[in-house]
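A.B. asks: Here it is: the structure, laid out below.
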Amino acid sequence: MKLNQQNIFEDRKQAFKICEQTIKQHSKSFYAAFSQLPKKKAQSIYAIYTFCRLADDIVDEEKDAQKLQQLFQELELFEAGSVPNHPMWLALEAVFSEFPMDIRPFYDMLIGQRMDLNFQQPKTQQELLDYAYYVAGSVGLMLLPVLSPTPTKIITPAKKLGEAMQLTNILRDIGEDYRLGRIYLPKEDMLRYQITTTHLEKQIISDNFINLWEALAKKAEKLYNESLEMIPFIANDARHALLSALMIYKELLPEIRRNHYNIYEKKHVVSTRRKIELIHALKGNM
Numbered sequence: 029m030k031l032n033q034q035n036i037f038e039d040r041k042q043a044f045k046i047c048e049q050t051i052k053q054h055s056k057s058f059y060a061a062f063s064q065l066p067k068k069k070a071q072s073i074y075a076i077y078t079f080c081r082l083a084d085d086i087v088d089e090e091k092d093a094q095k096l097q098q099l100f101q102e103l104e105l106f107e108a109g110s111v112p113n114h115p116m117w118l119a120l121e122a123v124f125s126e127f128p129m130d131i132r133p134f135y136d137m138l139i140g141q142r143m144d145l146n147f148q149q150p151k152t153q154q155e156l157l158d159y160a161y162y163v164a165g166s167v168g169l170m171l172l173p174v175l176s177p178t179p180t181k182i183i184t185p186a187k188k189l190g191e192a193m194q195l196t197n198i199l200r201d202i203g204e205d206y207r208l209g210r211i212y213l214p215k216e217d218m219l220r221y222q223i224t225t226t227h228l229e230k231q232i233i234s235d236n237f238i239n240l241w242e243a244l245a246k247k248a249e250k251l252y253n254e255s256l257e258m259i260p261f262i263a264n265d266a267r268h269a270l271l272s273a274l275m276i277y278k279e280l281l282p283e284i285r286r287n288h289y290n291i292y293e294k295k296h297v298v299s300t301r302r303k304i305e306l307i308h309a310l311k312g313n314m
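Pasting the structure below:
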């Protein structure tokens, strides 16, 4: 999928601009982190994010299996070299021409979205982690060739970072997901901590609920810490941006604790001020 154009990023600047607006609108945390990258790398992250956002919206907002299948088919065309005439695909063509991208994680991410369309509550933590790989660990693998000169050396910690972020999403969105008819908390954990669907329906924040939440939060924090093994293999000009993304996302967990685990009445975010503090603290330690 190599292109001859020397200035394809410049030629596709309008497509990249649309992708940048997408990440800016939908994920201020990722934008705050990855906008620090050199321009081509930042643009590449925006294009990859836009692919993931499109797939996510098809499932969560539109619940449209046909559109998801169409996205699968467009990805197959893209892989075959027949690039759909759409800003996201035009931007991704430039990304694939610049970096040694692997197409497989893009398919895996769509498989994860299909799992959400045909949702079944995970029985075990391992089932939850398997799901987390498909919808988020796969995204870590998409980003690796942009962020690292040796991406194949750090596949495992990159997966762990994506999985940690997905667990964080799940712990933040328990109330919202329940209203959408989805319970991502594993059945065996709910049984262990004596939490029933009635507790979720009535929005009861009991000691048992907090203990269950904390068990999964500690698992996420362990994955965040283990993912740091990849940092020495990340390019110098991308290291700070990746660490910023990690630290900002991880900060959601203490933010929820500070708000007494109230995941039903509000969607927790890391404030702009706190993001700036974390980013500046990282710069001081590097």
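Following the numbering used here, the numbering of the sequence shown begins with 29 at its first residue and continues without gaps.
Glycine residues also receive a C-beta, built at the ideal position from the N, C-alpha and C atoms.
Just checking my contact of F127 with P185 at CB under 8 Å: how many whole Å lie between their CB atoms?
C.D. replies: One-based indexing of the sequence shown puts residue 127 at position 99. One-based indexing of the sequence shown puts residue 185 at position 157. Their Cβ separation, rounded to whole angstroms, is 19 Å, which puts F127 and P185 out of contact at 8 Å.
A.B. asks: Taking the CB atoms as reference points, tell me whether I73 and L65 lie closer together than 8 Å.
C.D. replies: Counting from 1 along the sequence shown, the entry for residue 73 is found at position 45. Counting from 1 along the sequence shown, the entry for residue 65 is found at position 37. Yes.
A.B. asks: Mind the definition here: the segment 216 to 230 touches the segment 269 to 279 only if three or more C-beta pairs lie below 8 Å; say whether that holds.
C.D. replies: Judged by Cβ distances under 8 Å, the segment 216 to 230 makes no contact with the segment 269 to 279, as fewer than three pairs qualify.
A.B. asks: Identify whether K41 lies in helix, strand or coil by the three-state DSSP scheme.
C.D. replies: As a first step, residue 41 is located in the sequence shown; it is residue number 13 there, counting from the start. Looking at K41 - three-state DSSP - the assignment turns out to be helix.
A.B. asks: With DSSP run on the structure shown, which of helix, strand or coil describes E98?
C.D. replies: Walking along the sequence shown from the start, residue 98 turns up at place 70. Position check: residue 98 holds Gln in this sequence, whereas Glu was assumed. Helix, per DSSP.
A.B. asks: Within 10 Å of its beta-carbon, does T226 have 16 or more other beta-carbons around it, so buried, or fewer, so exposed?
C.D. replies: Sequence index remark: in the sequence shown, residue 226 carries index 198 (1-based). The residue in question, T226, is exposed, as its Cβ has fewer than 16 Cβ neighbours within 10 Å.
A.B. asks: Report all residues from its chain with a CB closer than 7 Å to the CB of E283; omit the five preceding and five following residues, and keep chain order.
C.D. replies: Within the sequence shown, numbered from 1, the residue matching residue 283 stands at position 255. Within the same chain, E283 has close Cβ partners H296, V298.
A.B. asks: Quick one, which of E293, D130, L195, W241 has its alpha-carbon nearest A248's?
C.D. replies: For the purposes of this step, residue 248 is taken as the residue at position 220 of the sequence shown. The shortest C-alpha separation from A248 is found at L195.
A.B. asks: Might you give, ordered along the chain, the residues of its own chain that have their beta carbon closer than 7 Å to the beta carbon of R40, omitting 5 neighbours on each side?
C.D. replies: Numbered from its first residue, the sequence shown carries residue 40 at position 12. Within the same chain, R40 has close Cβ partners L118, A119, A122.
A.B. asks: If you compare alpha carbons, which of V87, Q149, E104, R200 is closest to L281?
C.D. replies: Within the sequence shown, numbered from 1, the residue matching residue 281 stands at position 253. Looking at the Cα atoms, R200 is the closest of the given residues.
A.B. asks: Should S57 go down as buried or exposed, given a rule of 16 or more other Cβ atoms within 10 Å for buried?
C.D. replies: For the purposes of this step, residue 57 is identified with residue 29 of the sequence shown, where counting begins at 1. So S57 counts as buried.
A.B. asks: If we call anything under 8 Å between Cβ atoms a contact, is E155 one with P214?
C.D. replies: Stepping through the sequence shown from its first residue, residue 155 is reached at position 127. Stepping through the sequence shown from its first residue, residue 214 is reached at position 186. For E155 and P214, yes; Cβs fall inside 8 Å.
A.B. asks: In angstroms, rounded to a whole number, what distance separates the CA positions of T180 and I223?
C.D. replies: The residue labelled residue 180 in the question sits at position 152 within the sequence shown. The residue labelled residue 223 in the question sits at position 195 within the sequence shown. Going by the C-alpha atoms only, they are around 41 Å apart.
A.B. asks: Where do the ends of the alpha helix (DSSP H) carrying G168 lie?
C.D. replies: In the sequence shown, the residue the question calls residue 168 occupies position 140. It spans 166 to 175 - the alpha helix (DSSP H) in which G168 sits, taken as one unbroken run.
A.B. asks: Do L82 and D130 come within 8 Å of each other at the CB atom, strictly closer than that value?
C.D. replies: As a working note, residue 130 is residue 102 in the sequence shown. As a working note, residue 82 is residue 54 in the sequence shown. No, they are not a contact pair.
A.B. asks: By DSSP, does K69 sit in helix, in strand, or in coil?
C.D. replies: As a position in the sequence shown, residue 69 is number 41, starting the count at 1. In this structure, K69 counts as helix in the three-state DSSP scheme.
A.B. asks: What's the gap between the Cα of T78 and the Cα of P112?
C.D. replies: Position 50 of the sequence shown, counting from 1, holds the residue named residue 78. Position 84 of the sequence shown, counting from 1, holds the residue named residue 112. The straight-line gap from Cα to Cα measures roughly 15 Å.
A.B. asks: Please tell me whether E191 and L251 are closer than 8 Å, where the distance is taken between their beta carbons.
C.D. replies: Taking the first residue of the sequence shown as 1, we reach residue 191 at position 163. Taking the first residue of the sequence shown as 1, we reach residue 251 at position 223. Yes.
A.B. asks: Check for me: the alpha helix (DSSP H) holding V297 runs from which residue to which?
C.D. replies: Taking the first residue of the sequence shown as 1, we reach residue 297 at position 269. Here V297 belongs to no alpha helix (DSSP H), and DSSP marks it neither H nor E.
A.B. asks: Taking buried to mean at least 16 other C-beta atoms within 10 Å of its own C-beta, is K311 buried or exposed?
C.D. replies: The residue you call residue 311 lines up with position 283 of the sequence shown. With fewer than 16 Cβ atoms within 10 Å of its Cβ, K311 is classed as exposed.
A.B. asks: Mind checking whether Y59 and L103 have CB atoms under 8 Å apart?
C.D. replies: Locating residue 59 in the sequence shown gives position 31, where the first residue counts as 1. Locating residue 103 in the sequence shown gives position 75, where the first residue counts as 1. Their beta carbons are not under 8 Å apart, which means Y59 does not touch L103 by this criterion.
A.B. asks: Check whether the Cβ atoms of I262 and L157 lie closer than 8 Å to each other.
C.D. replies: Within the sequence shown, numbered from 1, the residue matching residue 262 stands at position 234. Within the sequence shown, numbered from 1, the residue matching residue 157 stands at position 129. No, these two residues do not count as a Cβ contact at 8 Å.
A.B. asks: Do Y212 and N236 come within 8 Å of each other at the CB atom, strictly closer than that value?
C.D. replies: Counting from one through the sequence shown, the residue named residue 236 turns up at place 208. Counting from one through the sequence shown, the residue named residue 212 turns up at place 184. Contact flag unset, no.
A.B. asks: Using 7 Å as the cut-off, classify the Cβ of K67 as near or not near the heavy atoms of the ligand FMN, replying yes or no.
C.D. replies: Inclusion of the ligand FMN in the displayed structure is not the case, the ligand content being empty and no account of it being possible.
A.B. asks: Reducing DSSP to helix, strand and coil, say where Q194 ends up.
C.D. replies: In the sequence shown, counting from the first residue as 1, residue 194 sits at position 166. Correct three-state label for Q194: helix.
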